[in-house]
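The numbering of the sequence shown is our numbering, which starts it at 23 and goes up by one. Where a beta carbon is used, it is the ideal one built from N, C-alpha and C, also for glycine. Report on the following structure.
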Amino acid sequence: MGPTTINGLPAHPMLVHFVAVLVPVAALMLLLSVFWPAARRRLGIITPLIALVTLILVPLTTHAGEWLEHRTERDPLVRAHAQIGDQLLYWSFGVFVVAAVWWLVHDDRTTAWLAARAHRVNAVAAGRAATITLTAIALVLAVGSVIQDYRIGESGAKAVWHDQAQVPTATNR
23 MGPTTINGLP
33 AHPMLVHFVA
43 VLVPVAALML
53 LLSVFWPAAR
63 RRLGIITPLI
73 ALVTLILVPL
83 TTHAGEWLEH
93 RTERDPLVRA
103 HAQIGDQLLY
113 WSFGVFVVAA
123 VWWLVHDDRT
133 TAWLAARAHR
143 VNAVAAGRAA
153 TITLTAIALV
163 LAVGSVIQDY
173 RIGESGAKAV
183 WHDQAQVPTA
193 TNR
C-alpha cells in the first residue's frame, strides 16, 4: 500500500509526525473556514487540500504501523495503539468531506449555479438549515479528530517508552 521503510528505517515513526501535525491543522482550518468568513475566503481551497493530504497520509501511516507491529514483540500497549490508530481514518475522512462541501457551498461559482436553479424561498430556508447542520458536524469532527490524534499519540508514546524512560525525581537526578 505504501512505504514501510524509508532509507532502511521503519516509516511509521517518521510518517506519524506528519499526521500528528496535519490532523489539528486541518481541524483548525476547517473551524476557521466555518466560523470566520474572512478566513474562509483567504484559505479557499487550501483547507480541503490539507484535509485531503491528511486523509491520504493516515492509511499510509497505519499501514506502516501495522507492518512494524508484525515485526516487533507482541505487546498489549502496541495492540491498543494500533486499534485506536485505525479509527483516525474515519475522523480524517469526515473532516475532508465537510471541508470540501463547505468550500464548494461557499465558492462563488457554486453559489451562482445553485441560485440559478433554486426557488428563492425554499432555497434560503434549506440553505440555512444545511449551514447549521454542517457547522455542528464540522465542530464535532474537528474536535473529535484532534482528541483522537492526541489519544493515538499518547498510546503510541506509552507503547514505545513504558519500560524504557525514567522520569527524573529528586533522588535520581
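Beta-carbon proximity check, residue i vs residue j, cutoff 8 Å
i	j	result
Val117	Leu52	yes
Val41	Ile72	no
Pro70	Ala152	no
Ser167	Ala49	yes
Phe181	Asp108	Reading the sequence as shown, one finds Ala at residue 181 and not Phe. It is not a contact, given that the beta carbons lie outside the stated cut-off.
Leu156	Phe115	no
Cβ neighbour criterion (16 or more within 10 Å) applied to residue i
i	result
Trp125	buried
His92	exposed
Thr94	exposed
Asp9	This structure gives no information on residue 9, because the portion of the chain shown stretches from 23 to 195.
Val165	exposed
Thr83	buried
Val162	exposed
Val56	buried
Ala60	exposed
Ala33	buried
Ala158	exposed
From the options, residue whose alpha carbon lies closest to that of residue i
i	options	result
Arg131	Ala60, Ala42, Gly66	Gly66
Val45	Leu156, Val75, Glu88	Val75
Ala173	Phe57, Trp113, Val119	One detail in the question is off: residue 173 reads as Arg in this sequence, not Ala. Here the closest residue by C-alpha is Trp113.
Leu31	Asp171, Pro81, Trp89, Asp129	Trp89
Ala104	Val119, Val43, Pro81	Pro81
Trp183	Thr27, Leu99, His39	Leu99
Val283	Ala179, Asp185, Arg62	The shown model of the chain, from 23 to 195, leaves out residue 283, and the question about it has no answer.
Trp58	His128, Leu163, Gln186, Gly149	His128
Glu176	Ile106, Leu156, Arg150	Ile106
Any non-hydrogen atom of the ligand NAD closer than 7 Å to residue i Cβ
i	result
Pro25	The model depicted lacks the ligand NAD and carries no ligand whatsoever.
Residue-chain proximity (residue i, chain C), Cβ-Cβ < 8 Å
i	result
Arg64	No chain C appears in the structure shown, which is made up of a single protein chain.
Length at least 4, wholly inside the region 156-193: the alpha helix (DSSP H) runs in chain order: none
What are the complete alpha helix (DSSP H) segments, minimum 4 residues, inside the region 26-80? 34-57, 59-65
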